[in-house]
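Asks: Just dropping this structure here.
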Amino acid sequence: MGIHDRDYYRDHHRQQRGARQGQQGQQRKADPLRSFPQPQQLRPHLDPSRWRGATARSPWMLWCGLILGGLLVAFVIGGLRRQQPFPSPGTVHWYVADTPGPTAPLTLQAPYTGPADFAVRLDHWDTHAAVALVPIRSGQSTSLDMPLGRYRMTIMKGLIWQGPGKLFHITTDAREVVEPIEFTRVGNNFSGHTIQLETLGGNMDTRRAR
């Protein structure tokens with residue numbers, strides 16, 4: 019192959035390669051996204067009707083929240099206005115008449131819980147009839163004599179004292195013992211109890227009051 023033949027062969031291949039590149043360039047211009055991967059859909063499809071419904075409901079939800087919040091604040095303020103002084107140490111509110119008979123001692127010890135105070139209610143275990151209500155200040159203790167029998171004890175704690183009827187208003191947190199508290203007599207010995215109302219690792223099971 020001579021020099022002129024080599025030059026002709028080289029120029030011919032250059033023209034063919036240029037023609038192919040020109041065709042590829044025209045295809046890219048005709049469809050510029052063809053050679054690139056399509057991006058994934060990042061947002062879910064929004065139904066316009068659902069969107070309009072949500073925006074229409076949101077003001078009502080806002081107003082309902084404001085109304086409920088206002089009612090709660092008014093309820094708490096009303097409770098504060100009806101708040102009564104907490105009873106003095108040693109006060110016991112009896113629901114039954116003072117009947118003669120043997121009794122056994124009961125000592126209740128309240129831990130210090132800051133502004134929260136306690137109230138302990140004792141009911142007959144079988145009849146659920148209320149017998150006594152014992153208010154106890156935080157960090158103090160009190161003692162009383164209980165008629166012999168089996169009792170259900172409910173321990174209540176709260177901030178806003180409103181008397182024996184409403185107790186601590188909406189702040190009342192009440193728990194009751196699972197097993198009865200028994201006051202018995204064996205011969206001349208009377209069996210009473212000393213109870214710590216809140217203690218870690220205690221041996222008296224409680225549950226939320228029903």
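Residue numbering for the sequence shown follows our numbering, starting at 19 and increasing by one per position.
For glycine and all other residues, C-beta sits at the position ideal for the given N, C-alpha and C.
#1: The alpha helix (DSSP H) with residue 182 in it runs from where to where?
#2: Please check the pair residue 136 and residue 173, which I expect to be a contact at CB under 8 Å, by giving their CB distance rounded to whole angstroms.
#3: Tell me whether residue 46 sits in a helix, a strand or coil according to DSSP, three-state version.
#4: How big is the Cα-Cα spacing for residue 180 and residue 206?
#5: What three-state label does DSSP hand residue 77 in the structure shown?
#6: Give me the residue from 161, 116, 188 with the minimum Cα distance to residue 213.
#7: Which one of 113, 123, 110 has the shortest CA to CA distance from residue 209?
#8: Find the nearest neighbour of residue 114 within the set 224, 217, 139, judged by alpha-carbon distance.
#9: Check the DSSP bridge columns for residue 229 and list the partner residues they point to.
#10: Can you round the beta-carbon distance between residue 110 and residue 152 to whole angstroms, since I take them to be within the 8 Å contact cut?
#11: Give me, in chain order, the residues of the same chain whose beta-carbon lies closer than 7 Å to that of residue 108; leave out the 5 immediate sequence neighbours on both sides.
#12: Can you look up residue 213 in the DSSP assignment and give me helix, strand or coil?
#13: Whole angstroms is fine: what's the gap from residue 120's alpha carbon to residue 165's?
#14: So the candidates are 185, 197, 228, 191; which of them puts its Cα closest to the Cα of residue 222?
#15: Using the Cα positions of residue 106 and residue 228, report the straight-line distance between them to the nearest angstrom.
Replies: Answer, in terms of the structure:
#1: For residue 182, the enclosing alpha helix (DSSP H) covers residues 181-184.
#2: Right, the Cβ-Cβ distance comes to about 7 Å (below 8 Å), so this counts as a contact.
#3: Note that residue 46 scores a pLDDT of 49, beneath 50, so its modelled location is shaky and nothing firm can be said.
#4: Going by the C-alpha atoms only, they are around 41 Å apart.
#5: Helix, per DSSP.
#6: Of all alpha-carbon atoms in 161, 116, 188, the one lying nearest the alpha-carbon of residue 213 is that of 161.
#7: Closest by alpha carbon: 123.
#8: Taking each of 224, 217, 139 in turn and checking the Cα distance to residue 114, the smallest one comes out for 139.
#9: With the chain covering only 19 through 228, there is no way to say anything about residue 229.
#10: So it is a contact: roughly 5 Å between Cβ atoms.
#11: By the criterion of a C-beta distance shorter than 7 Å, residue 108 is surrounded in its chain by 160, once the five residues flanking it on both sides are discounted.
#12: In the structure shown, residue 213 sits in a strand (DSSP, three-state: E or B).
#13: Rounded to whole angstroms, residue 120 to residue 165 spans 6 Å at the Cα level.
#14: Checking every option, the nearest Cα to that of residue 222 belongs to 197.
#15: The C-alpha of residue 106 lies about 28 Å from the C-alpha of residue 228.
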